[in-house]
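In UniProt numbering, the protein residues as written are 1 to 257. For glycine and all other residues, C-beta sits at the position ideal for the given N, C-alpha and C.
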Amino acid sequence: MGIPGIWWVDLQIDGVKRGHLSQQPASRVPHPGSVIAASFTSPVDALYLGAIFDPIFTVSYPNTRKVRRVSLLRAVVQALGSVQLGPSPQATARDKDMTDLRALLAAYPDRVIVVFPECSTTNGKGVLPFSPSLLAAPASTKIFPVSMRYAPPDITTPIPGAWVSFLWKLLSRPTHCIRVRMAEGVTNTASEKSEHVGPAVPASPSGETSDVTPDEQLVLDRVAEALARLGRNRRVGLTLKDKSAFVEAWKKSRKSR
């Protein structure tokens, strides 16, 4: 990460005074068997998380609790990829590519799982509606909201395909700072209730569901509110369909100039 000039990382854990990070128990930060619900603004997000936690990366989609496991490189590329409203037909056809958090945590108990619940990048000024993929986490699993912001903020990539612009801004400055904020772990209390009373929402074999129970929505809201607070921004109602339409309109306006 030093090659592109990312030399300074300002890390702070919510509720912990500066200089006291080393005194915190391991359970206070993301650890093997836990989930990171990360903000998604730049290809650098995955690079930082990969360097610090060596995690399993996933891609989330709206309206499904399934995720797709991807490599670090694919997670970086995803930050500048097109808006995806659902998994590709190729991924859907290969069952091994689509899974859920419960299965991943069982298969990799010694790794951290990274989820980008907004499903697409933003400019760092708002939190998009969440995918329900986090709801597949067991009740005993800690979900850590992690917000990453950049100074200067010009290496965010809310517009797909802007590789040239991103690389130029990244490499043309001598240094960049990452401001990382971690909240206390959140547990999926809705999963705990369903384990006692049975599944509240039937899911199709593909994991698709358009329904989220009130208890499940509270879990998503807690994580989203934590990300918004850590990033000092607000939650917005911009869906991926809205973003896709905006990107198309933006591209047409540029071509007409």
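Host beta strand (DSSP E) of residue i (start-end)
i      : result
Phe144 : Lys142 to Ala151
Ala37  : Val35 to Ala38
Phe57  : Ile56 to Ser60
Arg28  : Run containing Arg28: none; DSSP gives neither H nor E here.
Buried versus exposed call for residue i [16 or more other C-beta atoms within 10 Å across all chains shown]
i      : result
Ser133 : buried
Lys66  : buried
Val164 : exposed
Ser88  : exposed
Same chain only: Cβ atoms within 8 angstroms of residue i, ignoring 5 sequence neighbours per side
i      : result
Pro214 : none
Leu105 : Gly33, Val35, Ile113, Ala137, Pro138 and Thr141
Glu225 : Arg235
Asp100 : Arg65, Lys66, Val67, Ser133, Ala136 and Gly207
Proximal residues to residue i (C-beta, below 7 angstroms), its chain only, five neighbours per side dropped
i      : result
Glu184 : Asp14 and Gly15
Gln24  : Ile13 and Val16
Arg232 : none
Element boundaries [alpha helix (DSSP H), containing residue i]
i      : result
Arg18  : Per DSSP, Arg18 belongs to no alpha helix (DSSP H) and is neither H nor E.
Ile159 : Premise fails: Ile159 is in no alpha helix (DSSP H) and is neither H nor E.
Lys247 : The amino acid occupying residue 247 in the given sequence is Val; Lys does not appear at that position. Its alpha helix (DSSP H) spans residues Leu240 to Lys255.
Ile155 : Here Ile155 belongs to no alpha helix (DSSP H), and DSSP marks it neither H nor E.
Arg222 : Pro214 to Gly231
Arg74  : Leu72 to Gln78
Sequence-distant residues of its chain with Cβ nearer than 6 angstroms to residue i (five each side left out)
i     : result
Gly86 : Tyr61
**Message:** Measuring CB atoms only, is the segment 243–255 touching the segment 214–223, in the sense that at least three cross pairs come out at less than 8 angstroms?
**Reply:** Cβ pair count under 8 angstroms is below three, so no.
**Item:** beta strand (DSSP E) segments (min. 3 residues) lying fully within the segment 109–145
**Value:** Within the segment 109–145, the complete beta strand (DSSP E) runs of at least 3 residues are 113–115.
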